[in-house]
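**Q**
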Amino acid sequence: MNRIVSSAFALTALLSIAPYAAAEAPPHRELTAVPFTAVKLDDGFWAPRITTNRDASLPHNFEWCESTGRISNFAKAGGLMDGKFEGIYFNDSDVYKVLEGAAYSLADRRDPELEKTVDEVIAKIAAAQQPNGYLNSYYTLVEPDKKWTNLAVRHELYCAGHMFEAAVAYYRATGKRTLLDVAIKKADLIDSIFGPDKRHDVPGHEEIELALVKLAELTGEDRYFKLAQFFIDVRGDQSQRPKIYGAYCQDHVPVRQQSEIVGHAVRAMYLYAGVADIAGYTGDQALVDAMERLWQSVTGRKMYVTGGIGVQGHGEGFSGDYALPNRDAYCETCAAIGMALWNHRLNLLHADAKYADVVERVMYNGILSGIALDGKTFFYVNPLASSGGHHRQPFYGCACCPTNVVRFIPSVPGYVYATDEDSIFVNLYAAGSGQVPLAGKQVAVTQQTGYPWAGEVKLVINPPEPMAFRLCLRNPGWSQETVAEVESDEKAKVDSQNGYLMIERTWRPGDCVTLQLDMTVRRIEANPKVEADRGRVALQRGPVVYCFEQADNPAGVQNIMLPREPKFSIEQKSDLLGGIAVIKTTASDGREVTAIPYYAWDHRQPGPMAVWVYQDGKSRTPDADDLKWEGALYRTLDPATLGPSTPLSMMELSRPSASHCWKQDTVFAVNDQLEPSRSADHSIPRLTWWDHRGTKEWVQYEFDKPRKVSGVDVYWFDDTGKGQCRAPESWRLLYRDGDTFKPVEGVADFGTALDQFNHVEFSPIETTALKIEVQLQPAFSGGILEWKVQSP
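To convert, count from 1 in the sequence shown and add 11; that's my numbering.
(1) Going by DSSP in three states, C558 sits in which element: helix, strand or coil?
(2) What residue range is occupied by the uninterrupted alpha helix (DSSP H) comprising R552?
(3) Which word fits H693, buried or exposed, when buried means at least 16 other C-beta atoms lie within 10 angstroms of its C-beta?
(4) Indicate whether the contact test is met: 3 or more Cβ pairs, each with one atom in the region 382-390 and one in the region 307-326, closer than 8 angstroms.
(5) Figure out for me which residue from K87, G94 and I82 has the closest Cα to the Cα of L110.
(6) Under a Cβ-count criterion, where at least 16 other Cβ atoms within 10 Å of its own Cβ denotes burial, should I272 be classed as buried or exposed?
(7) Taking W742 as the reference, give the member of V755, T751 and Q735 with the closest Cα.
(8) Taking the CB atoms as reference points, tell me whether Y625 and L659 lie closer together than 8 angstroms.
(9) Take A362 as the anchor and find which of S68, N415, Q453 and D431 has the nearest alpha-carbon.
(10) Just verifying my parser: in three-state terms, what is the DSSP assignment at M92?
(11) Within this structure, are the beta carbons of A301 and R356 separated by less than 8 angstroms?
(12) Measuring CA to CA, which of L146, I420, R210 and W306 is closest to G1?
(13) In angstroms, rounded to a whole number, what distance separates the CA positions of A465 and A442?
(14) When you compare only the Cα positions, how much space is there between G601 and I594?
(15) Answer yes or no: do F480 and I535 have a C-beta to C-beta separation smaller than 8 angstroms?
(16) According to DSSP, is E167 helix, strand or coil?
(17) Run through the region 452-487 for me and flag every whole beta strand (DSSP E) of 3 or more residues, listed as ranges in chain order.
(18) Is it the case that the CB of G762 approaches a heavy atom of the ligand MG more closely than 7 angstroms?
(19) Could you check the C-alpha separation between L10 and N538 for me, to the nearest Å?
(20) Curious, which full-length alpha helix (DSSP H) runs of at least 4 residues does the region 320-392 contain?
(21) Using DSSP with H/G/I as helix, E/B as strand and the rest coil, what is A32?
(22) Please classify G318 as buried or exposed, where buried requires at least 16 neighbouring CB atoms within 10 angstroms.
(23) Let me know the secondary structure DSSP gives D702 once reduced to three states.
(24) Going by DSSP, what residue range makes up the beta strand (DSSP E) through G794?
(25) Have a look at D634, C672, M662 and P123 and flag the residue whose alpha-carbon is nearest the alpha-carbon of G654.
(26) Looking only at its own chain, which residues have a Cβ that is under 6 angstroms from the Cβ of R516, when we skip the five neighbours before and after it?
(27) Under the DSSP definition of a beta bridge, which residues are partnered with H275?
(28) Roughly how many angstroms separate the alpha carbons of N161 and V427, rounded to a whole number?
(29) Would you report the Cα separation of Q551 and P565, rounded to the nearest angstrom?
(30) Check for me: the alpha helix (DSSP H) holding I255 runs from which residue to which?
(31) To the nearest angstrom, report how far apart T751 and V771 are at their CA atoms.
(32) Quick check: what's the CA-CA separation for T596 versus T677?
(33) Output needed for P30: all residues of its chain with C-beta closer than 6 angstroms, excluding positions within five of it in sequence on either side, in chain order.
(34) Out of A495, P38, G553 and D683, which has the shortest C-alpha to C-alpha gap to D295?
(35) Any idea what DSSP makes of Y407, helix, strand or coil?
(36) Put N769 into one of helix, strand or coil per three-state DSSP.
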């Protein structure tokens, strides 16, 4: 079927013309993105990642989708093989996302083997489609009589949306339409069920909204656009639906009335990306205003410095304003990708660089941390502090993140350039070339840069003939001083607007512009209302947020304090972590400390990690004036605002070590200042001597200098009923006296009670170290959740 349909919202029917042709731009969008197929990156940062994605991540994801039954579910549903459904009810979506990623890679470089793999999977998908267009392997195999009965939970429309995206991408990449025909048939079925004069309902997990817009843009079918608009219009509107699903699904009030970002973070991002698409076509001011309120809500009160969103314990979603704990950050990789999708659309809608700033922040930090350098292991959750037990995994039972990254990485070139009628906008800086359509001609733009490690960007402009237009260069919010120089005698009008440096002139082939961005290491401070970051700073250089990892800082990361005026040095390490720039400085205690890009942590030996470290002179107990902070959630620290010195406490300076620690636990848990709720508390880090059983073990504190101590409190880890750790049979406390350890005197009882701190007092002593020696119970191991030391 070759559809050519007129459209009320100015789309162009594309099925009868060559791949990559673009629909007419949404009339209410200020900018049109230059497609990723017109941009080739040859830099040392993104180009290798795109290659790794193609050569490693895609095969890895296909293999896991096969071995976990995700692909064979379609074959079973299509009668190509026998067997039961495997996995979770939304597993179809993972296959679709991998196919979309494969399509982007094929658009970049045709690969017969990859194309053959994709076609084989598509054949199984097509076989699973029922005559009326229905396609969902879970319902076909498990609950065939319950289709469309649980939209709040079962993700039928979500899966359909990812299939539409994959179909559009694969058609554009190859011109093959098998999957596209499947998608059209499924979309027609959905359109026959839902709509203004049909069933009023919405998906619990959004995604189909933005996907329907993509399908409409490709086919020219106005019904798909109207269906996307319908799903947005009736969401949260009790006057239009008998039942709404609540804030978790952003289904609590109509979208046009929403002001605070709530609920599941990924769902919110996908919904608002679709809303931004619709607003671009309709110009609906109520939707535009809602997007701005929600953007202010998330970026001003609920976004981590990495661009990540979502907090542990809140259903993969948002907590209250300024509730941004670092160790308990959720920051799901999918949510970070959603932030990029939404902010990219807002940038196109408004031609404002503040949205592109967020895209860049989340790309270099919140998204990249989600995938290992080898492309084969992944984070689902991306915390900003770890005790050493959080690691990437090859795959997950809920595999949304590995399969999402694999489709995002090859799409990165599509975020570099955009245009309006008489301007070229440069949103991201990366070495490579682009063919930018402008005024009916193709303008070649080449970037030469060592970004993100170097701040100089040279742009060479090659129009086919002299052309008058504006070149709009994003002036990143992190660059405190940006200089642009045009290498020509031609007069140019230079302006600054909405975060762009705008150079207007007649451009001739070979004209050059050099942009110099400020790559000074910045200390970032958070609004004092963010309790977890009080008294602390984070480091950022260029677009890259840094962290401190145990592998570089053996004396510990939880007790790093930066001096009032640190001197930072930069070292380019081509042989470390894929090639990075490290930051080195001297901490307030005189030791050298090293920071690496946050995205690169957890690639070496396990150990603690921290993004936020203490800053001398920055109060950990802000007063009322501090809490009046208005404006941005994060800002560059002004050293002039630092107050009196704020030395670390004895416990913060205590450096623990142990006779043994299980690889998934950490000795640094004993003084991480996290209070246990019970002895079997698995929600916080711990030290365990597992799998040593019945042995004598020890843990000790080294102090920075001789300290007077007079008591300790020990909270034992005991997971009776779940594991093999118990409170010890006995223990004692020793202190260093010269070159030896001696038992403390005058203690009648060393307690082993559960679900409480066991307090021990003794006559004050001065020492440089304390040691706990334990005798584990026969056949059992043991551990400690927290160990406090008291001074007289």
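Positions of the beta carbon are idealized from the N, C-alpha and C atoms, including for glycine. Everything numeric in this text was worked out from a predicted model, so none of it was measured.
**A** Walking through what the data contain:
(1) strand
(2) From DSSP, R552 is part of no alpha helix (DSSP H) but of the beta strand (DSSP E) over R547 to R552.
(3) exposed
(4) no
(5) I82
(6) buried
(7) V755
(8) yes
(9) D431
(10) coil
(11) no
(12) Not covered by the structure: residue 1. The range shown for the chain is 12 to 803.
(13) 11 angstroms
(14) 16 angstroms
(15) no
(16) helix
(17) 452-460, 467-473 and 478-485
(18) In terms of ligand content, the structure shown is empty, and the ligand MG therefore cannot be addressed.
(19) There is simply no residue 10 to check, as the chain begins at 12 and stops at 803 in what is shown.
(20) 344-361 and 364-372
(21) Residue placement at A32 is poorly supported in this model, since its pLDDT is 36, which falls under 50; the coordinates still yield a value, given next. In the structure shown, A32 sits in coil (DSSP, three-state: anything other than H, G, I, E or B).
(22) buried
(23) coil
(24) G794 to Q801
(25) D634
(26) E501 and A503
(27) G328
(28) 40 angstroms
(29) 22 angstroms
(30) First-last for I255: undefined, no H or E at that position.
(31) 21 angstroms
(32) 25 angstroms
(33) No answer about P30 holds up, because its pLDDT of 36 lies below 50 and its placement is not dependable.
(34) P38
(35) coil
(36) strand
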